[in-house]
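There are 2 protein chains.
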Amino acid sequence: MTAPRRLVPVSLGDRSYDICIGAGLLDDPSCLRPWLVGREVCLVTNQTLAPVYLPRLRALLPGEARVTEFVMEDGERFKNFETLSALLETLLRARHSRATTLVAVGGGVVGDLTGFAAAIYQRGVAFVQVPTTLLAQVDSSIGGKTAVNHPLGKNMIGAFHQPRSVLIDTDCLQSLPERELSAGLAEVVKYGAMDDGAFFAWLEAHMGALRARDPEALGEAIAQSCQAKARVVAADEREGGARALLNFGHTFGHAIETHTGYGPWLHGEAVGAGMVLAADLSARLGMLSWEAAARLKALVAAAGLPVAPPSEMTPDRFLELMALDKKVLDGRLRLILLTALGQGVIKEGVPLASLQETLARGASLCQSPR
Amino acid sequence: MTAPRRLVPVSLGDRSYDICIGAGLLDDPSCLRPWLVGREVCLVTNQTLAPVYLPRLRALLPGEARVTEFVMEDGERFKNFETLSALLETLLRARHSRATTLVAVGGGVVGDLTGFAAAIYQRGVAFVQVPTTLLAQVDSSIGGKTAVNHPLGKNMIGAFHQPRSVLIDTDCLQSLPERELSAGLAEVVKYGAMDDGAFFAWLEAHMGALRARDPEALGEAIAQSCQAKARVVAADEREGGARALLNFGHTFGHAIETHTGYGPWLHGEAVGAGMVLAADLSARLGMLSWEAAARLKALVAAAGLPVAPPSEMTPDRFLELMALDKKVLDGRLRLILLTALGQGVIKEGVPLASLQETLARGASLCQSPR
Chain U
26 MTAPRRLVPV SLGDRSYDIC IGAGLLDDPS CLRPWLVGRE VCLVTNQTLA
76 PVYLPRLRAL LPGEARVTEF VMEDGERFKN FETLSALLET LLRARHSRAT
126 TLVAVGGGVV GDLTGFAAAI YQRGVAFVQV PTTLLAQVDS SIGGKTAVNH
176 PLGKNMIGAF HQPRSVLIDT DCLQSLPERE LSAGLAEVVK YGAMDDGAFF
226 AWLEAHMGAL RARDPEALGE AIAQSCQAKA RVVAADEREG GARALLNFGH
276 TFGHAIETHT GYGPWLHGEA VGAGMVLAAD LSARLGMLSW EAAARLKALV
326 AAAGLPVAPP SEMTPDRFLE LMALDKKVLD GRLRLILLTA LGQGVIKEGV
376 PLASLQETLA RGASLCQSPR
Chain V
26 MTAPRRLVPV SLGDRSYDIC IGAGLLDDPS CLRPWLVGRE VCLVTNQTLA
76 PVYLPRLRAL LPGEARVTEF VMEDGERFKN FETLSALLET LLRARHSRAT
126 TLVAVGGGVV GDLTGFAAAI YQRGVAFVQV PTTLLAQVDS SIGGKTAVNH
176 PLGKNMIGAF HQPRSVLIDT DCLQSLPERE LSAGLAEVVK YGAMDDGAFF
226 AWLEAHMGAL RARDPEALGE AIAQSCQAKA RVVAADEREG GARALLNFGH
276 TFGHAIETHT GYGPWLHGEA VGAGMVLAAD LSARLGMLSW EAAARLKALV
326 AAAGLPVAPP SEMTPDRFLE LMALDKKVLD GRLRLILLTA LGQGVIKEGV
376 PLASLQETLA RGASLCQSPR
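Protein sequence lines, in the order shown, are assigned to chains U and V.
Under this note's numbering, the first residue of the first sequence is numbered 26, with each subsequent residue one higher.
Under this note's numbering, the first residue of the second sequence is numbered 26, with each subsequent residue one higher.
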């Protein structure tokens, strides 16, 4: 029996592909096979997920497949050059040719690292994303951005490399730890805030159902999020313009992650606090009403996310870390801000004084100073 | 005073660029500036070339440029993950943004490594090739193939990333060691053999002038070679079909380089012997006359190149190393052979016995067995 599914197309010319979303998708033996290039397959996952997913994925492969498995340690701090190098060496030792297909099974760490390995193994091989966290399902598995971290900055080394397909089984979310569910909801809230006011309002009404893992609500939120991301990526594959809007909350978020050293704060948690900072700055600059900023903060809180950066992070520390961020082009301060709930804009030349005021606000972010 | 130049266009849609060839090109202050994206520039070269070229390159940069320099050790064995990592770290420490431009000054090692760094630094930045060896001028600087070596195979990790421009000053060749000149001529001979019978005949007539570094002959040979490569690359940027013809002699050559450990044999020397092996196999299979095979061998010898693999390399050792080569797709033996001088073909399913006979011939390669 095949469960009902939704297909979200990502239109990128000869690199187009579909995101396939469905409950129980990974029980369907036909879901993966169309995307395998040759007979060689490398399944990549982490130590936590391997016992759960490797047997299921093996069952999806044709009998004649020559299968290699690479199990990395679990955690953002292993999304680095050393793990990448180990994966590449595994492929070389197993003599995978250019006709191999890499299958990334896990969250954004596994997906980003596997995608980058696929981008540079023999100058580029095929890969398929099987995201198992909400964050990966609505964000990192879509759009072809792949990377590893460097001690000097997050995602600093990477490539644009599109997957052949993204397979999302919403049942994976039933066993996801609460904190990771909330972290994924940060990106869902982001799509509403920067792209779709109606979706933002829907999220305000359904945040309880989402946190209770109601399958219908999750399916709808994932499909809406994937559509929003696919729309932006199709318009701007290599982040020359509109795609930068997807970084709403992320410049601040990356600074928080770099400061804390990748790990103590989940990516989505940092983005949650980052969106609150961006909304405060938007209101401070008169671009957004304080009421809208407060609604954004309330929705971030309802998602179970932090609404302020770590208390020990000074404005100066933020500015130091943001200077290395790649959204800061050629020395000019460039941030994604809001003009309404559902309307993000790229703002060049943000006044430093306003930014410093926002960074100094702590728990009172998004409250009108009047 | 500006010396006369030739422009060879490389047509790749929005990634098109020109190869600019001229004697004294690097004395012209206007040759580099049009290709710089922002104010940040990183000059990359090796320890041997740095004293000669860094002062000249600095003189080509605008006064407001923020310049970082990266000087790697000289040699193919440093075209590896460690040097790549050091270059990326240099860029991060100097806080280069996505608007930086990397300038590769040197041979294929510097160019391949710098190009790969440009491909993956912040998911891709601009770079310019300033090739200073004949090999780099006629081959590795053109076409966007970038890579580093791995102990398990040459060029196994890399990306396709096109330069913004290739600047060829033929005066660089006057100080090139004799062995490196011959190594570059291997690729020049390759273009004649696989693509242009008239150019092959021209090379038979002018090999003496080329080895005597006659500027006119060198200019003509470089321009013809760049045109041949640009033609093939434009037709097949990512090596799905015709571009594989550029690998004439290279599958054997890579096996020789892997066996000897990168260094004792220059790349061009290995390609020279590799072309003789390929010509012998072509004649053995009845695709090419033994007379034509002998002419190929004679031209390789006239270029000052070896015409047989290292004597200790057994056929079995060759086959072991070739199995890892990326031209061997999905387990099927696939080689570039000749049907005439000037006509390369992709040959699938080469009989193993014929290949083994060729690999066992040693000094008598390309002589008719009758």
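For every residue, glycine included, the Cβ atom is placed at its ideal position computed from N, Cα and C.
Assignment of Thr139 of chain V by DSSP, reduced to helix, strand and coil, places it in the helix class. Contact annotation, Leu138 of chain U with Val173 of chain U: C-beta distance approximately 6 Å; criterion of less than 8 Å satisfied. The beta-carbon of Leu113 of chain U is placed less than 8 Å from the nearest beta-carbon of chain V. Within the region 186-257 of chain V, the complete beta strand (DSSP E) segments of 3 residues or longer fall at 190-194, listed in chain order.
In the three-state DSSP reduction, Asn180 of chain U falls in the strand class (E or B).
The beta strand (DSSP E) runs of length 3 or more contained entirely in the region 52-79 of chain U are, from start to end of the chain, 65-71.
Judged by their CB atoms, Ile182 of chain V and Ile193 of chain U are not nearer to each other than the 8 Å cut-off. With a threshold of 8 Å between beta carbons, Ala144 of chain V makes contact with chain U.
With respect to chain V, the C-beta atom of Leu117 of chain U has a partner C-beta closer than 8 Å. Residue U:Gly299 holds the alpha-carbon nearest to the alpha-carbon of Ala388 of chain U among U:Gly299, U:Gly374, U:Ala211. When beta bridges are read from the DSSP output, Ala365 of chain U appears opposite U:Gln368. Bounds of any beta strand (DSSP E) do not take in Pro340 of chain V; it lies within the alpha helix (DSSP H) bounded by 340-347.
For Ala280 of chain U, the enclosing alpha helix (DSSP H) covers residues 275-285. Of all residues in the region 183-194 of chain V, only Gly183, Ala184, Phe185 come within less than 7 Å of chain U when Cβ atoms are compared, listed by chain position. Within the same chain, Cβ atoms closer than 6 Å to the Cβ of Ala280 of chain V are found at Phe343, Leu346, Met347, the five residues on either side in sequence being excluded.
Closest in C-alpha terms to Leu51 of chain U, from the list U:Asp43, U:Leu79, U:Tyr42, comes U:Leu79. With a cut-off of 8 Å on Cβ pairs, the region 122-129 of chain V is in contact with the region 145-159 of chain V, counting three or more such pairs. For Glu373 of chain U, the pairing in a beta bridge is given by DSSP as U:Arg359.
The beta carbon of Gln147 of chain V falls within 8 Å of a beta carbon belonging to chain U, placing the residue at that interface.
In summary, Leu32 of chain V is exposed, with fewer than 16 beta-carbon neighbours lying within 10 Å of its beta-carbon over all protein chains present. At a cut-off of 8 Å between beta-carbon atoms, Leu177 of chain U makes contact with chain V.
Residue V:Gly311 holds the alpha-carbon nearest to the alpha-carbon of Leu363 of chain V among V:Gly311, V:Gly293, V:Arg386, V:Leu206. Burial check for Arg102 of chain U: the Cβ neighbour count within 10 Å stays below 16, so the residue is exposed.
The C-beta distance from Gly293 of chain U to Ser207 of chain U rounds to 7 Å, short enough to fall under 8 Å. Contact between Gln187 of chain V and Arg40 of chain V is confirmed by a C-beta separation of about 4 Å, below the 8 Å threshold.
Val77 of chain V counts as exposed, since fewer than 16 other C-beta atoms from the protein chains shown sit within 10 angstroms of its C-beta. The three-state secondary structure of Asn272 of chain U, taken from DSSP, is helix.
Near chain V, meaning a CB-to-CB distance below 8 Å, the residues of the region 84-110 of chain U are Phe106, Ser110. In terms of beta-carbon proximity, Arg120 of chain U lines the interface with chain V, with at least one pair separated by less than 8 Å.
The beta carbon of Leu235 of chain U sits closer than 7 Å to those of Leu210, Ala242, Leu243, Ala246, all from its chain and outside the five residues before and after it, given in chain order. Against chain U, a Cβ distance below 7 Å from Ala151 of chain V picks out nothing, because the smallest value is about 13 Å.
Taking the beta carbon of Met181 of chain V as reference, the chain U residues within 8 Å of it are Leu113, Leu117, Tyr146, Gln147, listed in sequence order. For Ala348 of chain U, the chain V residues whose C-beta falls within less than 9 Å of its own C-beta are Arg120, listed in chain order.
Listed along the chain, the chain V residues whose CB falls inside 8 Å of the CB of Lys170 of chain U are Arg148. Just so you know, the alpha carbons of Thr93 of chain U and Leu112 of chain U end up roughly 11 Å apart.
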